[in-house]
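Heads up, the thing below is written out as structure tokens.
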Amino acid sequence: MKVRRVNSVFLSISLLVILVVSVKGSVWNSLYCQALPISCETPKVILESGTASQSTIYMNSTSAKVSVAAPAPVPTYYPSGYNVISGASVSGTVPESVEAVDSDYLVIRSTEFTVSTEFLFSSMTTNTPAQLNFTVISEYDIASVNVTIQVWNYSSSVYATSGEGYLTYISTGVNETKLLSINTDPQFYTSSGYTKINVTGINSTTTQFQQKINQIKLAYEYSASPTYDYVLKVVNRVAENWTVNLQVYDNFSISRLSSLNITIHDGTSSNQIAITGGSITKSEGQPIDLPGGLGSTIYISITNLQATTTDISYLHVYLKTMVLNTSTYNLFIIVFEIT
Amino acid sequence: MKIDNDKRKMLRLLCFLLSALLVTTASAAVYNYVYLQASPIGVEVPKVRFVSGLDAVSTMGTNDTYAKITTMAGWPNATRVYEDALRIENLDNVDHTCDLMFDSWSGNTANVTYIYVKIFNATAGGTQQGSTLSVTAENSTGPFNLPATTIYCVQWEIKWNGDALSTYTVDVALKLKVT
Chain A
1 MKVRRVNSVF
11 LSISLLVILV
21 VSVKGSVWNS
31 LYCQALPISC
41 ETPKVILESG
51 TASQSTIYMN
61 STSAKVSVAA
71 PAPVPTYYPS
81 GYNVISGASV
91 SGTVPESVEA
101 VDSDYLVIRS
111 TEFTVSTEFL
121 FSSMTTNTPA
131 QLNFTVISEY
141 DIASVNVTIQ
151 VWNYSSSVYA
161 TSGEGYLTYI
171 STGVNETKLL
181 SINTDPQFYT
191 SSGYTKINVT
201 GINSTTTQFQ
211 QKINQIKLAY
221 EYSASPTYDY
231 VLKVVNRVAE
241 NWTVNLQVYD
251 NFSISRLSSL
261 NITIHDGTSS
271 NQIAITGGSI
281 TKSEGQPIDL
291 PGGLGSTIYI
301 SITNLQATTT
311 DISYLHVYLK
321 TMVLNTSTYN
331 LFIIVFEIT
Chain B
1001 MKIDNDKRKM
1011 LRLLCFLLSA
1021 LLVTTASAAV
1031 YNYVYLQASP
1041 IGVEVPKVRF
1051 VSGLDAVSTM
1061 GTNDTYAKIT
1071 TMAGWPNATR
1081 VYEDALRIEN
1091 LDNVDHTCDL
1101 MFDSWSGNTA
1111 NVTYIYVKIF
1121 NATAGGTQQG
1131 STLSVTAENS
1141 TGPFNLPATT
1151 IYCVQWEIKW
1161 NGDALSTYTV
1171 DVALKLKVT
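What follows is the structure in structure tokens.
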């Protein structure tokens, strides 16, 4: 009796489930779309090796790998000592107080009108510099101090009074960052691994004030940024016109790249990809013309390449060749390997 | 006496066969007719249709409910993108849910790296609708909403293997489910 009741309940539930499932339905229309044939064409635009760098062109010349080397990392130096030319030391030490940008300052009190401090760099590389980049971060506890920053010129044995080793500004009473970039004859501003820089503040009243130095550093470039011109050729093999541009779609370990530019040129130059301070600041360039005609060529170059550390960086880039007046294009993969 | 026995046996066999025949003949089904009518089943003007894109040549079937794209190609080891290969237009005053699905493909399919089909609401800077249909993976875009009186673009991305020859071709068939 009990078994029969269980069977009855089971059958009822089964029937209910089957009926509910069976009545579920929907109405739709199917529209068919065919693509036939989708054919494989002989490439009408191809990549060829350049004269600079090492490049690998893969099968059918529609993808490539370019290997280039960044110059040696730029060493950064901090002062190893200082001299108070005018004023009196209040607090802080060198180099500890002038290395990091923090709340630890080297503080010098002015005489009536003036405070002047000379910072000495030593034990630097003796390679001939290609560029010297000084950074001075400081503040004055009153506004409107006339500040002068000067780099010592070993050729004339005086502090620079003009040019790239000389900078003036009026303080605003807060922390301010000033950069001196010496590109012209930087070798005059170092000698046997030494250099020095003077920071002077002059006030127009007799009110005493304080010079507070937060950071002083020197980025010493001694290998000029190499130019790889050109690393690849883009060659047209038909009479059709195209537009061509580059776009980054992936990257690895680029934070060490302080600068990099990839350009396309055919007489005029178009900057397509840029890296500054370890970040991509331009990921895609403007399309430029690849004229029709067998053998018509444009060139891809690398300039302004600098790295801060030794490593391998990769930029994965598409070369986009677009058929004029359409939204049809081909994407070639180019891998830039930067050691 | 022996003949009588044989006759008797023959008669018995005959009776058995006749009985079997009768049983077979008498097997019949009993059923009732219940009538169902669908009236009328009309011909509607299609609410969703295909429209040629600007990047490829298409042949449309009657009423634009069938499309054949005839001019697409690719280069070995490079991705060919047709942003505006074909369009889907909703002629209706209400939204429709669409799903573009893989149906079949043939030819040198082993030499295709991928064929992707994507739906966008505009050619340049448009937003993709649904997922990417991979012909190689034989899947679909999944359902996406096609708003009333709106045209969407069908983008094709084709990549042949690096060793593909210029004689190679594939044929692809997709179906668009409209609800």
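Those protein sequences? They're chains A and B, same order as listed.
Residues 1 to 339 in this note's numbering are what the first sequence lists, from first letter to last.
Residues 1001 to 1179 in this note's numbering are what the second sequence lists, from first letter to last.
Glycine included, C-beta positions come from ideal geometry on N, C-alpha and C.
In angstroms with no decimal places, state the Cα-to-Cα distance between Gln150 of chain A and Ile182 of chain A.
In the first sequence, counting from the first residue as 1, residue 150 of chain A sits at position 150. In the first sequence, counting from the first residue as 1, residue 182 of chain A sits at position 182. Cα to Cα, Gln150 of chain A sits roughly 11 Å from Ile182 of chain A.
DSSP beta-bridge partners of Trp152 of chain A:
Reading the first sequence from its first residue, position 152 is the one you call residue 152 of chain A. Partner(s): A:Tyr159.
So, does the CB of Thr279 of chain A fall closer than 8 Å to a CB anywhere in chain B?
For the purposes of this step, residue 279 of chain A is identified with residue 279 of the first sequence, where counting begins at 1. Before going on, a small fix: residue 279 of chain A reads as Ser here, not Thr. Not one chain B Cβ lies under 8 Å of Ser279 of chain A.
Given Thr1150 of chain B as reference, the closest of B:Val1030, B:Ala1078, B:Asp1055, B:Glu1089 once Cα atoms are compared
On the second sequence, position 150 is the one that residue 1150 of chain B refers to. Among B:Val1030, B:Ala1078, B:Asp1055, B:Glu1089, the Cα nearest to that of Thr1150 of chain B is on B:Glu1089.
Mind listing which residues of the region 299-333 of chain A have their C-beta closer than 7 Å to chain B's C-betas, in chain order?
For the region 299-333 of chain A, residues whose beta-carbon sits nearer than 7 Å to a beta-carbon of chain B comprise Thr326, Ser327, Thr328, Tyr329, Asn330, Leu331, Phe332.
Taking only the alpha-carbon atoms, compute the straight-line gap between Ser110 of chain A and Ser192 of chain A and give it to the nearest angstrom.
Counted from its first residue, the first sequence places residue 110 of chain A at position 110. Counted from its first residue, the first sequence places residue 192 of chain A at position 192. Here the alpha carbons of Ser192 of chain A and Ser110 of chain A stand approximately 32 Å from one another.
If we cut at 8 Å on Cβ distances, does Ala1038 of chain B have a partner in chain A?
Within the second sequence, the letter at position 38 stands for residue 1038 of chain B. Not one chain A Cβ lies under 8 Å of Ala1038 of chain B.
Distance, Lys1118 of chain B Cα to Ser61 of chain A Cα:
What you label residue 61 of chain A is simply residue 61 of the first sequence in a count that begins at 1. What you label residue 1118 of chain B is simply residue 118 of the second sequence in a count that begins at 1. Here the alpha carbons of Lys1118 of chain B and Ser61 of chain A stand approximately 27 Å from one another.
Suppose the cutoff is 7 Å on Cβ atoms and the five residues either side in sequence are ignored; what does the same chain contact list for Thr1109 of chain B look like?
In the second sequence, the residue the question calls residue 1109 of chain B occupies position 109. Counting only residues of its own chain and dropping the five nearest sequence neighbours on each side, Thr1109 of chain B has a CB closer than 7 Å to the CB of Val1170.
Just to confirm my understanding: we take Ala1173 of chain B, look at its own chain, exclude 5 residues before and 5 after, and list those with CB closer than 6 Å. What are they?
As a first step, residue 1173 of chain B is located in the second sequence; it is residue number 173 there, counting from the start. For Ala1173 of chain B, where only same-chain residues beyond five positions count, the Cβ hits under 6 Å are Asp1103, Ser1104.
If Val248 of chain A sits next to Ser283 of chain A, beta carbons under 8 Å apart, how far is it from one beta carbon to the other, in whole angstroms?
Reading the first sequence from its first residue, position 248 is the one you call residue 248 of chain A. Reading the first sequence from its first residue, position 283 is the one you call residue 283 of chain A. For Val248 of chain A against Ser283 of chain A, the beta-carbon gap comes to about 4 Å, under 8 Å, which counts as contact.
Would you decide whether Gln286 of chain A is buried or exposed? Buried here means 16 or more other CB atoms lie within 10 Å of its CB.
For the purposes of this step, residue 286 of chain A is taken as residue 286 along the first sequence, with counting starting at 1. Burial state of Gln286 of chain A is exposed, judged by a 10 Å Cβ sphere holding fewer than 16 other Cβ atoms.
Does the beta-carbon of Val1081 of chain B have 16 or more other beta-carbons within 10 angstroms, so that it is buried, or is it exposed?
As a first step, residue 1081 of chain B must be located in the second sequence, where it is residue number 81. Per the 10 Å Cβ criterion, buried.
Would you please verify whether the beta carbon of Leu246 of chain A is less than 8 Å from any beta carbon of chain B?
Translated into the one-based positions of the first sequence, residue 246 of chain A becomes position 246. Residue contact check for Leu246 of chain A against chain B: no CB pair falls below 8 Å.
Can you tell me the Cα-Cα spacing of Asn1166 of chain B and Thr1071 of chain B, whole angstroms?
Sequence index remark: in the second sequence, residue 1166 of chain B carries index 166 (1-based). Sequence index remark: in the second sequence, residue 1071 of chain B carries index 71 (1-based). Here residue 1166 of chain B turns out to be Ser, not Asn, going by the sequence shown. Computed Cα separation, rounded: 14 Å.
Is DSSP giving Lys282 of chain A helix, strand or coil here?
By one-based count along the first sequence, residue 282 of chain A stands at place 282. Here Lys282 of chain A sits in strand by DSSP.
Residue-chain proximity (Glu1083 of chain B, chain A), Cβ-Cβ < 8 Å:
Start at 1 with the first residue of the second sequence, and residue 1083 of chain B comes out as number 83. Closer than 8 Å: yes.
Check whether the Cβ atoms of Gly292 of chain A and Val238 of chain A sit closer than 8 Å, and answer yes or no.
Residue 292 of chain A sits at position 292 when you count from the first residue of the first sequence. Residue 238 of chain A sits at position 238 when you count from the first residue of the first sequence. At a Cβ-Cβ threshold of 8 Å, Gly292 of chain A and Val238 of chain A count as neighbours.
Leaving out five residues before and five after Leu324 of chain A in sequence, what residues of the same chain have Cβ atoms less than 6 Å from its Cβ?
Locating residue 324 of chain A in the first sequence gives position 324, counting from the first residue. The beta carbon of Leu324 of chain A lies closer than 6 Å to those of Asn241 in the same chain, with the five residues before and after it left out.
Decide if the region 215-233 of chain A is in contact with the region 289-304 of chain A; the criterion is three or more beta carbon pairs, one per stretch, under 8 Å apart.
Contact annotation: the region 215-233 of chain A touches the region 289-304 of chain A, with at least three C-beta pairs closer than 8 Å.
Assign Gly87 of chain A to one of three DSSP states: helix, strand, or coil.
Looking up residue 87 of chain A in the first sequence gives position 87. Coil at Gly87 of chain A, not helix or strand.
Does the CB of Val27 of chain A have a neighbour CB from chain B at under 8 Å?
Start at 1 with the first residue of the first sequence, and residue 27 of chain A comes out as number 27. Closer than 8 Å to some Cβ of chain B, the Cβ of Val27 of chain A qualifies, so yes.
Run through chain A and tell me which residues come within less than 8 Å of Thr1150 of chain B, C-beta to C-beta.
Residue numbering aside, residue 1150 of chain B sits at position 150 when the second sequence is read from its first letter. Near Thr1150 of chain B there are no residues of chain A at all, since even the closest Cβ is about 16 Å away, more than 8 Å.
Anything in chain A within Cβ reach of Ile1069 of chain B, meaning under 9 Å, just list it in chain order.
Counting from 1 along the second sequence, the entry for residue 1069 of chain B is found at position 69. Cys33, Gln34, Ala35, Leu36, Ile38, listed in chain order.
With DSSP run on the structure shown, which of helix, strand or coil describes Val98 of chain A?
The residue you call residue 98 of chain A lines up with position 98 of the first sequence. Looking at Val98 of chain A - three-state DSSP - the assignment turns out to be helix.
With 8 Å as the threshold, decide whether the Cβ of Thr243 of chain A is near any Cβ in chain B.
For the purposes of this step, residue 243 of chain A is taken as the residue at position 243 of the first sequence. Any Cβ of chain B closer than 8 Å to the Cβ of Thr243 of chain A would place that residue at the interface, and such an atom is absent.
For a cutoff of 8 Å on Cβ pairs, would you count Pro43 of chain A as touching chain B?
Working through the first sequence from its first residue, we reach residue 43 of chain A at position 43. Judged by the 8 Å Cβ criterion, Pro43 of chain A is in contact with chain B.
Report buried or exposed for Gly1042 of chain B, applying the criterion of at least 16 other Cβ atoms within 10 angstroms of its Cβ.
Along the second sequence, read from residue 1 onward, the residue named residue 1042 of chain B stands at position 42. Gly1042 of chain B comes out exposed.
Using a Cβ-Cβ distance cut-off of 8 Å, determine whether Tyr58 of chain A contacts chain B.
The residue you call residue 58 of chain A lines up with position 58 of the first sequence. The Cβ of Tyr58 of chain A sits closer than 8 Å to at least one Cβ of chain B.
My assumption, with CB atoms under 8 Å, is that Thr1062 of chain B sits in contact with Leu1100 of chain B. Please give the rounded CB distance.
Along the second sequence, one-based indexing puts residue 1062 of chain B at 62. Along the second sequence, one-based indexing puts residue 1100 of chain B at 100. Thr1062 of chain B to Leu1100 of chain B, Cβ: 21 Å. No contact.
Starting from the beta carbon of Ser30 of chain A, find every residue of chain B whose beta carbon is closer than 8 Å, and list them in chain order.
Locating residue 30 of chain A in the first sequence gives position 30, where the first residue counts as 1. Going along chain B in sequence order, the residues near Ser30 of chain A (Cβ under 8 Å) are Lys1175, Leu1176, Lys1177, Val1178.
8 Å Cβ cutoff, Ser283 of chain A in contact with chain B:
As a position in the first sequence, residue 283 of chain A is number 283, starting the count at 1. The Cβ of Ser283 of chain A sits no closer than 8 Å to any Cβ of chain B.
Counting only Cβ pairs nearer than 9 Å, list the residues of chain A close to Asn1090 of chain B.
Within the second sequence, numbered from 1, the residue matching residue 1090 of chain B stands at position 90. Those within 9 Å of Asn1090 of chain B in chain A number zero; the least Cβ separation is about 12 Å.
Does the pairing of the region 136-147 of chain A with the region 201-219 of chain A give three or more beta-carbon distances under 8 Å?
Yes: at least three Cβ pairs fall under 8 Å.
Using a Cβ-Cβ distance under 8 Å, would Thr1127 of chain B count as near chain A?
Numbered from its first residue, the second sequence carries residue 1127 of chain B at position 127. By this cut-off, Thr1127 of chain B is not an interface position.
Can you find the residues in the same chain that come closer than 6 Å, C-beta to C-beta, to Asp1064 of chain B, ignoring five residues on each side of it along the sequence?
One-based indexing of the second sequence puts residue 1064 of chain B at position 64. Closer than 6 Å at the Cβ level, and outside the excluded window around Asp1064 of chain B, lie Arg1049, Phe1050.
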